[in-house]
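Down below is the structure, laid out as structure tokens.
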Amino acid sequence: MTQQERGKRSKRSILEAAAHVFDERGYDAASTNEILARTGLTRGSMYHHFPTKKAIAMALVDAQAEALEVPDQPMKLQSVIDLTLDFSRRLQRDPVLRASVRLTIEQTSFDAPRQTAYEQSGAAILRLLRQAEEQGEILPGVDVQEATSTIIGAFTGLQIVSQVYTNREDLLDRVTAFWRFMLPGLATPGLIGRLRITEQPLPASAP
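Mapping to the UniProt record's numbering: the sequence shown position 201 is 201, numbers consecutive.
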């Protein structure tokens with residue numbers, strides 16, 4: 001293994017350890033000592049990559065951008081729906097993404113700009129809604145900028161409520177219900193029945 005590969009592995013190890021600590025304790029209660037203990041690395045190695053707790057947190061917040069993998073669907077409203085479903089599933093499974101979201105929404109002494117994550121997701125959704133509008137998928141008179149703000153706000157709220165009640169186990173069900181109520185005011189009537197608002201089934205495994 002090259003030195004560069006070792007460095008990448010060490011950095012990932014620190015982020016994963018920090019993600020668990022931040023997700024469990026929040027930013028203010030987390031300590032670099034606890035993060036370090038979970039990595040098995042030396043203090044010098046950790047500080048080489050991240051000189052402060054804030055630097056680690058900022059790297060975790062950046063992970064939200066990596067989770068914005070926009071599905072390429074012929075119907076752009078389907079891409080928007082799939083974006084929320086895929087993000088929800090990753091949120092259930094990925095501690096780095098969970099910590100990133102907690103750092104974004106929680107009011108703590110972590111004072112880095114939190115708007116960036118919302119701006120990135122908002123830009124992705126707005127772009128898709130404009131494409132959907134051009135393709136005739138959106139009801140006449142709908143303000144796609146307003147629709148984007150509504151989707152971002154509602155999706156953030158669904159994450160919080162699902163975390164409180166079920167530790168996000170029912171998040172996908174809540175997202176499906178949101179789209180069931182949202183689409184009649186957004187999509188053209190002939191399109192609604194063609195849009196899938198649940199997770200795409202996994203391909204059948206080969207015999």
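Virtual Cβ for every residue (Gly too), placed ideally from N, Cα, C.
Owing to the predicted nature of the structure, the values given are computational and were not obtained by experimental measurement.
Identify which residue in the options has its Cα closest to the Cα of residue i.
i	options	result
P184	F22, K11 and A147	A147
F87	L171, P189, P74 and F181	L171
L60	I81, Q131, S31 and F22	F22
Q145	L158, V164, A154 and A123	A123
A63	E169, T108, R98 and I192	R98
K54	T104, T2 and L191	T104
G136	T108, E199, L191 and A18	L191
F50	A65, Q73, G7 and Y165	G7
A57	Y27, I81, N33 and H48	Y27
F155	T84, S10, V80 and E169	T84
F178	V161, T188, Y47 and T166	V161
R194	L77, L128, V101 and V96	L77
E106	R90, A29 and T2	A29
R196	P74, Q4 and P140	P74
G153	Y165, E119, R168 and G141	E119
L91	R168, S149, L158 and I35	R168
G157	R9, E134, S10 and R102	R102
A117	V142, I138, T150 and E66	E66
L139	H20, K11, T188 and E34	T188
In or out: residue i buried (at least 16 other Cβ within 10 Å) or exposed?
i	result
S205	Any reading at S205 needs caution, since the residue's pLDDT is 47, under 50, leaving its predicted position unreliable; the model's value is listed next. With fewer than 16 other Cβ atoms within 10 Å, it is exposed.
F181	exposed
S109	exposed
A132	buried
R25	exposed
D72	exposed
V164	exposed
S31	exposed
For residue i, which of helix, strand or coil comes out of DSSP?
i	result
I197	coil
A187	strand
L68	coil
L41	coil
M58	helix
Q131	helix
M75	coil
E16	helix
G122	helix
Please name the residue or residues paired with residue i in a DSSP beta bridge.
i	result
I138	A187
Using 8 Å for Cβ pairs, my map puts residue i next to residue j. What's the rounded Cβ distance?
i	j	result
T39	I14	6 Å
I125	V175	14 Å between Cβ atoms; not a contact.
S121	L68	6 Å
P95	A19	4 Å
With respect to 7 Å, is the separation between the Cβ of residue i and the closest non-hydrogen atom of the ligand SAH below this value?
i	result
T116	Within the structure as shown, the ligand SAH is missing, as the structure has no ligands at all.
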